[in-house]
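Heads up: the sequence shown begins at 1366 in the working numbering, then just goes up one per residue. The beta carbon of each residue, even a glycine, is placed where N, CA and C say it ideally should be. Since the model is a prediction, treat every value here as computed from it, not as a measurement. First up is the structure itself, then whatever we jot down about it.
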Amino acid sequence: MMPSNSIKLNSANFDYYILRVAPNTELEQIASKLATLREFDATGKYLVLECSAKPDMSQFIPYLKKIDDVAAKFALEVKFIVANQFILADQIDGRAVINLPATLQSKPILNQTLLIEEPVRSGIRIENDGDIIVTTLVSHNAEIIASGNIHVYGDCRGRVLAGNGGNKKAKIFIARFNAEMISIAGIYRVIEDKLPDNLHNKAVQIFLDEKERLNVIPLAV
1366 MMPSNSIKLN SANFDYYILR VAPNTELEQI ASKLATLREF DATGKYLVLE CSAKPDMSQF
1426 IPYLKKIDDV AAKFALEVKF IVANQFILAD QIDGRAVINL PATLQSKPIL NQTLLIEEPV
1486 RSGIRIENDG DIIVTTLVSH NAEIIASGNI HVYGDCRGRV LAGNGGNKKA KIFIARFNAE
1546 MISIAGIYRV IEDKLPDNLH NKAVQIFLDE KERLNVIPLA V
């Protein structure tokens, strides 16, 4: 489930979602993100726009109006724009540019879950801005990269990288654990030695603990 966060801005509490975009993000991709959001939250009203690259303002303002139109189709409003190294103005097109609290753990909107129902063969790389579910084999030298969680319901012999982009809450679930590399939020472990019997070829869950250490634990099946 994708929860909303409540923060205090300008003395008003409201629920919002971070919508991260680059100047070249397609409107269809934004619509897909918002459609996914609506599957999890039918009542949220506000978006806070965050730019991941420096925009050309002469093009960004018309682009922002198009984002407004897309958001309106999902009964959403772009309320503010996040101040960062790419956005230094006080306001853009009448919209306030704000600093989010440093302690805030924001939840970016992710794309839909990507379902892979065929074996992922050696040399294949699959990447998704969201979760990835693989129902069969992930071969040696294949690579699965997700900004969210990764689920492999078959034998996993390749490289699995969850939380791509820094999501330290992401997890990896594998039905038969034989992976050559695992990673969450850029913290990785290359598996060169023989795995313990309670993990080798077994169902496992992989996550980061509070000290940002990779943990691999057996799953009861």
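Margin query: Within a Cβ cutoff of 8 Å, which residues of the same chain sit near Val1386, ignoring the five residues on either side of it in sequence?
Written below: Taking the sequence shown and counting its residues from 1, one reaches residue 1386 at position 21. Cβ within range, chain order: Ile1395, Leu1414, Glu1415, Cys1416, Ser1417 and Ile1432.
Checklist line | Meets three-Cβ-pair contact criterion under 8 Å: the stretch 1544 to 1556 and the stretch 1523 to 1535 | finding: yes
Notebook entry, point to check: Taking C-beta to C-beta, are Arg1522 and Ala1540 nearer than 8 Å?
Noted result: The residue you call residue 1522 lines up with position 157 of the sequence shown. The residue you call residue 1540 lines up with position 175 of the sequence shown. Not closer than 8 Å, so no.
Item checked: Alpha carbon of Asn1506 to alpha carbon of Gly1409, nearest angstrom -> Here residue 1506 refers to the residue found at position 141 when the sequence shown is read from its first residue. Here residue 1409 refers to the residue found at position 44 when the sequence shown is read from its first residue. Rounded to whole angstroms, Asn1506 to Gly1409 spans 41 Å at the Cα level.
Check: Secondary structure at Phe1542, three-state DSSP: helix, strand or coil?
Finding: Counted from its first residue, the sequence shown places residue 1542 at position 177. Three-state result, Phe1542: strand.
Checklist line | Rounded straight-line distance, which links the Cα of Pro1388 to that of Phe1451 | finding: The sequence position of residue 1451 within the sequence shown is 86, counting from 1. The sequence position of residue 1388 within the sequence shown is 23, counting from 1. Each residue's Cα considered, the two are about 11 Å apart.
Item checked: Separation of Phe1572 from Glu1492, as counted between CA atoms -> Numbered from its first residue, the sequence shown carries residue 1492 at position 127. Numbered from its first residue, the sequence shown carries residue 1572 at position 207. Taking the straight line joining both Cα atoms gives about 19 Å.
Check: Considering only residues of the same chain and omitting the five flanking positions on each side of Asn1580, which have a CB-CB separation below 6 Å?
Finding: Taking the sequence shown and counting its residues from 1, the one referred to as residue 1580 is at position 215. Closer than 6 Å at the Cβ level, and outside the excluded window around Asn1580, lie Phe1572 and Asp1574.
Next item on the list: Within 10 angstroms of the Cβ of Leu1469, are there 16 or more other Cβ atoms? Answer buried if so, exposed if not.
Entry: Residue 1469 sits at position 104 when you count from the first residue of the sequence shown. The predicted position of Leu1469 is uncertain, since its pLDDT is 44 and thus under 50; no value can be drawn from it.
Item checked: With 16 other Cβ atoms within 10 Å as the buried cut-off, status of Ala1467 -> Here residue 1467 is taken as the residue at index 102 of the sequence shown, counted from 1. Because Ala1467 carries a pLDDT of 49, less than 50, the predicted location of this residue cannot be relied on, and the following value inherits that uncertainty. With fewer than 16 other Cβ atoms within 10 Å, it is exposed.
Margin query: Helix, strand or coil for Leu1392? Go by DSSP, reduced to three states.
Written below: On the sequence shown, position 27 is the one that residue 1392 refers to. DSSP places Leu1392 in helix when its eight states are reduced to three.
Next item on the list: May I ask which residues mark the beginning and end of the alpha helix (DSSP H) holding Gln1450?
Entry: For the purposes of this step, residue 1450 is identified with residue 85 of the sequence shown, where counting begins at 1. Run containing Gln1450: none; DSSP gives neither H nor E here.
Check: So, is Gly1488 buried or exposed, given that buried needs 16 or more other C-beta atoms within 10 angstroms?
Finding: Sequence index remark: in the sequence shown, residue 1488 carries index 123 (1-based). Exposed, because fewer than 16 other Cβ atoms sit within 10 Å of the Cβ of Gly1488.
Margin query: Suppose you measure from the CA of Tyr1381 to the CA of Ile1510; what does that come to, to the nearest Å?
Written below: Locating residue 1381 in the sequence shown gives position 16, where the first residue counts as 1. Locating residue 1510 in the sequence shown gives position 145, where the first residue counts as 1. Computed Cα separation, rounded: 27 Å.
Item checked: Separation of Lys1567 from Ala1585, as counted between CA atoms -> Here residue 1585 refers to the residue found at position 220 when the sequence shown is read from its first residue. Here residue 1567 refers to the residue found at position 202 when the sequence shown is read from its first residue. Looking at the two C-alpha atoms, the distance is approximately 10 Å.
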